[in-house]
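Take 33 as the starting number for the sequence shown in our numbering and just add one per residue. Even for Gly, the Cβ is constructed at its ideal location relative to N, Cα and C.
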Amino acid sequence: MKAEHTVYFRRFLLGLLIIWLICHSLLLLPAFAEGRIVTVGVYENAPKIFTAESGQPAGIFIDIIEHIAEAEGWRLRYLQGTWAEGLDRLQKGEIDLMPDVALTSEREKIYAFHNVPVLSSWFQVYAPKGSKIQSLLDLNGKRILVLERSVQQEAFVRLSRSFGMEITLISVPDYQTMFEMVARDDADAAITNRFYGMMHAEEFGLVDTAVVFEPSDLFFAAAKIQSSNPMNIFFTTSEKDSSLLLAAIDRHLMEMKKDPGSIYYASLKRWTSEEVRFQIPLWLFILGLTTTGALILSLLGGAVLKHQVNVRTGELRRINQEMERRITKRTEELAAAMEKAQAADRIKSAFLATMSHELRTPLNSIIGFTGIMLQGLAGPLNTEQHKQMSMVQNSARHLLALINDVLDISKIEAGQLEISRSSFSLRPSI
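What follows is the structure in structure tokens.
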């Protein structure tokens with residue numbers, strides 16, 4: 033009997049569960065039907081989100097959420113307030129979405145976040161011109177303004193404590209009030225995100241410093257309401273709403289970031305390029321100008337050097353061609369001279385051969401016949417005849433000696449005569 037009651041009780045609980053699921057689904061249908069109202073918190077943090085002169089919300093986050101709302105069929109309702117008020121309203125469920133929220137472990141316990149970040153940013157210290165604040169240590173003993181209940185406040189407290197610095201932190205509800213207070217000398221510096229600083233620092237006579245910290249991704253945050261029943265494993269209606277809202281935001285952000293012509297990139301260009309005046313530091317301008325000038329001079333120098341090299345190369349080519357022409361001409365002249373020399377040598381050899389035969393033979397005959405006459409073999413000679421014949425014989429011998437010397441020199445030049453050297457006394461020869 034007890035087992036039957038247990039079975040009936042389980043069936044009863046199962047029926048209640050099915051009825052609850054059906055009712056839960058029916059409650060969700062009108063929530064995301066045509067005309068679903070989504071309440072969005074608004075605070076002043078241009079250009080990401082702010083109130084325009086027309087009184088309507090504007091900025092990067094507004095452009096993105098309005099595009100998503102149009103695609104999803106949502107009707108947006110904006111609720112103005114400070115940053116801290118927006119976070120409180122989101123936690124209480126008075127608004128559905130709060131833009132421009134950095135994800136931290138503490139906030140993740142309270143709020144729900146989508147996965148694809150809308151923007152990435154960092155915090156930077158802004159100070160009046162001439163303040164000489166260039167590093168974190170220069171902030172020691174200063175009055176620093178931070179946004180109330182912001183990530184920058186928590187991060188800067190940790191950063192300053194790690195260096196043992198004594199800094200007076202003053203919480204302010206919005207960035208405009210911060211810059212106004214620094215401009216009035218009610219504070220020494222203010223900490224803002226990079227977007228607001230770029231857009232408004234010059235307007236208040238402030239400049240950015242080298243103190244930059246805490247890079248972070250920025251999201252839309254939604255309400256995260258926990259069930260009071262710890263055994264309940266199902267979403268509440270509000271949690272399911274948040275889940276569907278954030279899923280739609282993720283889906284559209286992924287599509288927009290893939291398309292360079294999407295409203296996402298158009299909004300970034302509109303709010304961070306067209307209306308923001310970027311001030312290039314003087315040192316960077318001088319460096320760029322110097323680098324450009326050096327590059328131009330090097331290009332001009334390279335062009336001039338190349339021209340000079342081409343001119344010199346042309347001149348060397350012409351000189352080389354002229355030298356080749358001259359060498360060819362001289363070679364031809366030397367060949368002709370060599371031919372003439374060889375011809376002359378042949379003529380000389382022929383002449384010497386002729387002289388050797390035609391002169392030496394008669395001379396030998398003269399010497400021989402005069403010798404016969406001087407010996408008296410042809411008859412007796414008187415004194416005068418003997419004297420004359422001796423002179424003829426001596427002259428013939430002298431001429432024969434000269435001819436022999438010429439022939440010897442010719443043989444030496446032709447390499448046909450070997451010279452043997454022997455020592456002698458010069459004095460007797462003289």
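**Study point:** C-alpha distance - Ile281 paired with Trp115, whole-angstrom precision
**Key:** 21 Å
Practice item. Would you decide whether Tyr75 is buried or exposed? Buried here means 16 or more other CB atoms lie within 10 Å of its CB. Key: buried
Check your understanding: Less than 8 Å separating the beta-carbons of Leu119 and Val72?
Key -> no
Exercise for review: Could you check what DSSP says for Arg459 in three-state terms: helix, strand or coil?
Suggested key: helix
Review point. How big is the Cα-Cα spacing for Thr83 and Ala90?
Key: 6 Å
Point to revise | 8 Å contact criterion, which Phe227 and Phe211 should meet: CB distance rounded | key: About 14 Å; that fails the 8 Å criterion.
Exercise for review: Take Leu391 as the anchor and find which of Lys290, Val438 and Phe252 has the nearest alpha-carbon.
Suggested key: Val438
Practice item. Can you check DSSP and say which residues form a bridge with Ala159? Key: Val239
Review point. Skipping 5 residues on each side, what residues in its chain have a beta carbon closer than 8 Å to that of Gln123?
Key: Ile142, Tyr143 and Ala255
Review point. What is the rounded straight-line gap between the Cα of Glu140 and the Cα of Met130?
Key: 13 Å
Review point. Taking the DSSP output, what are the residues bridged to Gln112?
Key: Val74
**Study point:** Proximity test, Cβ basis, 8 Å: Ile202 and chain C
**Key:** Reference to chain C is not applicable here, since this structure consists of a single protein chain.
Exercise for review: Report the partner residues of Asn225 according to the DSSP bridge assignment.
Suggested key: Phe155
Practice item. Output the distance between the C-alpha atoms of Val244 and Gln156, rounded to the nearest integer angstrom. Key: 5 Å
Check your understanding: Ordered along the chain, which non-local residues of its own chain (more than five positions away) have a Cβ less than 7 Å from that of Ser463?
Key -> Nothing about residue 463 can be reported from this structure: the residues present for the chain run from 33 to 462 only.
**Study point:** Endpoints, the beta strand (DSSP E) within which Arg453 is located
**Key:** Arg453 -> no beta strand (DSSP E), and no H or E assigned at all.
Check your understanding: When you compare each of Asp170, Ile351, Phe195 and Ile435 to Leu384 by their alpha carbons, which one comes out closest?
Key -> Ile435
Review point. What beta strand (DSSP E) runs, 3 residues minimum, are completely inside the stretch 77 to 138?
Key: 106 to 112 and 129 to 134
Practice item. Tell me whether the beta-carbon of Val214 lies closer than 8 Å to the beta-carbon of Pro160. Key: yes
**Study point:** Candidates Ser152, Tyr110 and Thr136: closest to Pro247 by CA position
**Key:** Ser152
Point to revise | DSSP state of Asp249 mapped onto helix, strand, coil | key: strand
Check your understanding: Using a Cβ-Cβ cut-off of 6 Å (strictly less than) and excluding sequence neighbours within five positions of Met288, which residues of its own chain qualify?
Key -> Ser294 and Tyr296
Check your understanding: Contact check, Asp132 vs Ile81 under 8 Å by CB: the rounded distance?
Key -> 6 Å
Practice item. Could you have a look at Phe188 and say whether DSSP puts it in helix, strand or coil? Key: helix
**Study point:** N- and C-terminal bounds of the alpha helix (DSSP H) containing Val148
**Key:** Careful: Val148 lies outside any alpha helix (DSSP H) and carries neither H nor E.
Point to revise | Straight-line Cα distance separating Gln184 from Pro79 | key: 18 Å
Point to revise | Outcome for Ala433 when other beta-carbon atoms lying within 10 angstroms are tallied against a minimum of 16 | key: exposed
Practice item. Give me the Cα-Cα distance between Gly403 and Gln425, rounded to the nearest whole angstrom. Key: 7 Å
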